[in-house]
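To keep things clear, I will list the structure first and then write my remarks on it.
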Amino acid sequence: LQLEFLAGSARVPRRNSSRRGSLVNVLLVSHCDFHGNSAMHLYSIANELTDLGLSCAVCVPNTVSTIESHGTPKFAIIPYADAYGMGVVFPDGRGPDLIHAWTPRELVRELTEHLADRYKCSYVVHLEDNEEVILENELGGLTYEEFLRLPARRIDTLVPAHRSHPTRYRKFLAGAVGVTALIDRLLEFKPPDLPAL
């Protein structure tokens with residue numbers, strides 16, 4: 052179902068490939084390594100997409116070896132540093148056809164936008180948590196609305212890379228070709244015209 056959603060978006064450009072009209076190279080950009088709370092989702096989805104005939108890779112910000120706690124992956128694992136430095140090259144010698152950004156957090160947003168621009172490909176964003184509530188709880192003392200009224204430079208200094216920037220994450224969602232979400236309530240955060248699952 053997720054693959055059909057991703058492949059069916061009219062805004063996803065198709066590349067010439069041996070699999071005419073289908074996506075071939077899918078890159079999942081994770082906000083955590085495989086010890087994080089999203090690890091099992093990413094591991095399962097990347098393996099399933101591989102079983103369906105796509106070439107998959109997962110970018111993680113930290114330790115690649117954390118995959119060992121889940122088993123032997125059917126997909127490539129790439130550290131962020133390598134993705135920024137050497138890029139992402141799949142077995143067919145090309146870059147990604149589609150990037151699935153696993154949450155709109157700053158470290159994911161920055162890498163996804165960098166790679167989407169580099170490879171001229173589209174991206175989908177996965178919503179896993181209410182990012183606004185998480186940021187509000189972490190900052191402590193300020194409501195989200197009060198936080199938004201701070202000067203832009205102050206907001207930039209207060210939002211850590213492992214959280215979603217209140218204005219940048221909205222623009223990031225607006226630039227996506229679709230959104231996936233863990234629960235339907237999270238779809239309230241996406242632009243109204245954006246396809247979602």
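Just so you know, we're using the working numbering here: the sequence shown kicks off at 52 and counts up by one. Ideal Cβ placement from N, Cα and C applies to all residues, glycine included. Fair warning: this is a prediction, and the values are worked out from it, not measured in the lab.
Quiz item: CA-CA distance, I185 and V140?
Solution: 34 Å
Quiz item: Quick one, are the C-beta atoms of Y131 and C110 less than 7 Å apart?
Solution: yes
Quiz prompt | Reduced DSSP category for T231 - H, G, I as helix; E, B as strand; rest coil | solution = Reduced to three states, the DSSP call for T231 is strand.
Quiz item: If you run the structure through DSSP and keep just helix, strand and coil, what is L193?
Solution: coil
Exercise. Tell me A167's beta-bridge partners as DSSP assigns them.
Key: According to DSSP, which records beta bridges pairwise, A167 is partnered with nothing at all.
Practice problem: To the nearest angstrom, report how far apart N188 and L79 are at their CA atoms. | Solution: 27 Å
Quiz item: Could you give the distance in angstroms between the alpha-carbon of A212 and the alpha-carbon of E157?
Solution: The straight-line gap from Cα to Cα measures roughly 5 Å.
Exercise. On a CA-only basis, which of R145, L162 and N98 is nearest W153? Give me that one, please.
Key: L162
Quiz item: What number of angstroms, rounded off, separates the C-alpha of E197 from the C-alpha of P124?
Solution: 44 Å
Self-check item: Test item: CB-CB of L233 and E179 under 7 Å
Solution: yes
Quiz item: Roughly how many angstroms lie between the CA atoms of A167 and Y174, to the nearest whole one?
Solution: 7 Å
Quiz item: DSSP three-state call for H177: helix, strand or coil?
Solution: strand
Quiz item: What do you get for K241, buried or exposed, if any count of 16 or more other CB atoms within 10 angstroms of its CB means buried?
Solution: K241 counts as buried, since at least 16 other C-beta atoms from the protein chains shown sit within 10 angstroms of its C-beta.
Self-check item: Length at least 4, wholly inside the stretch 70 to 109: the alpha helix (DSSP H) runs in chain order
Solution: 90 to 102
Practice problem: Give the straight-line distance between the Cα atoms of P155 and F85, rounded to the nearest whole angstrom. | Solution: 18 Å
Quiz item: Who are P130's beta bridge partners in DSSP?
Solution: V111
Quiz item: Going by the beta-carbon positions, is the gap between V230 and A247 smaller than 7 Å?
Solution: yes
Quiz prompt | Selection from T114, I206 and S106 that minimises the alpha carbon distance to I150 | solution = S106
Quiz item: Going by alpha carbons, who is nearest to D235 out of N181, M91, H92 and N88?
Solution: N181
Quiz item: Could you check where the alpha helix (DSSP H) with V206 kicks off and where it finishes?
Solution: First, the residue type needs correcting, since residue 206 is Ile and not Val in the sequence shown. Run containing I206: A203 to L209, per the alpha helix (DSSP H) assignment.
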